[in-house]
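Residue 102 in numbering that gives the first Met the number 0 sits at position 103 of the sequence shown; the count goes up by one each step and never skips.
By construction, the Cβ of each residue, glycine as well, lies at the ideal position given by its N, Cα and C atoms.
Quantities reported herein were computed from a predicted structural model and do not represent experimental measurements.
Read the structure below first, then the notes.
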Amino acid sequence: MNSSLPDIGRVSTSQIGGLEIRLARGGEDVLEYCSRKALGFIPWFPLAMGQLAASGGPIADAAKSHGATSGQIALAWLLRRSPVMLPIPGTSSVSHLEEDIAAAGLVLGEAEFATIGTEA
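Pasting the structure below:
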């Protein structure tokens, strides 16, 4: 979809076409727009196909300190970004789904949140 934010205007569906946005690739303006308009924001590849949850770096450090997986920390960070953020992580088993759901209960500290934000 090659539209600017003013072109989008009123939206009567729960999605905006095939808008593919990764926060790490310039989706901030769209997230801010969705927040102002109370529209759900579904990021494209919210975990960057596993790259955000890869070992090493601040996500791995936070995972270790919380006794969580890197994927859970990445999801917790995404959920904290905005109340309209609706990441849809892929899952292949019930246990993985339960792990993803548990990420919503993780509370990241201010420093962790900011540091992870530099990686995303």
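Residue i to residue j, Cα distance in whole Å?
i	j	result
residue 101	residue 58	16 Å
residue 69	residue 61	8 Å
residue 71	residue 93	15 Å
residue 33	residue 116	19 Å
residue 16	residue 86	Model confidence at residue 16 stands at a pLDDT of 39, short of 50, so the residue's coordinates are unreliable and nothing is read from them.
residue 43	residue 91	18 Å
residue 56	residue 113	13 Å
residue 95	residue 79	20 Å
residue 118	residue 99	20 Å
Can you say whether residue i is buried or exposed, counting buried as having 16 or more other CB atoms within 10 angstroms of its CB?
i	result
residue 124	Examination of residue 124 is not possible in this model, given that the chain is present from 0 through 119 alone.
residue 88	buried
residue 111	buried
residue 20	With a pLDDT of 44 at residue 20, under the threshold of 50, the predicted position of this residue should be treated as unreliable, and no value is reported.
So which of the options has the shortest CA-CA distance to residue i?
i	options	result
residue 122	27, 105, 40 and 32	Because the chain in this structure spans residues 0 to 119, residue 122 falls outside the shown range and cannot be described.
residue 108	69, 56 and 64	64
residue 27	114, 99 and 77	77
residue 103	75, 55 and 37	75
Quick one: measure Cβ to Cβ for residue i and residue j, integer angstroms, because I've assumed they're closer than 8 Å.
i	j	result
residue 73	residue 105	Going by Cβ atoms, the distance from residue 73 to residue 105 rounds to 10 Å, so no, they are not a contact pair.
residue 81	residue 38	With a Cβ gap of about 11 Å, residue 81 and residue 38 do not count as contacting.
* To do: Please go through the segment 67-100 and give each complete beta strand (DSSP E) segment of 3 or more residues, from N-terminal end onward.
  => If we require 3 residues or more, the segment 67-100 turns out to have no beta strand (DSSP E) run fully inside it.
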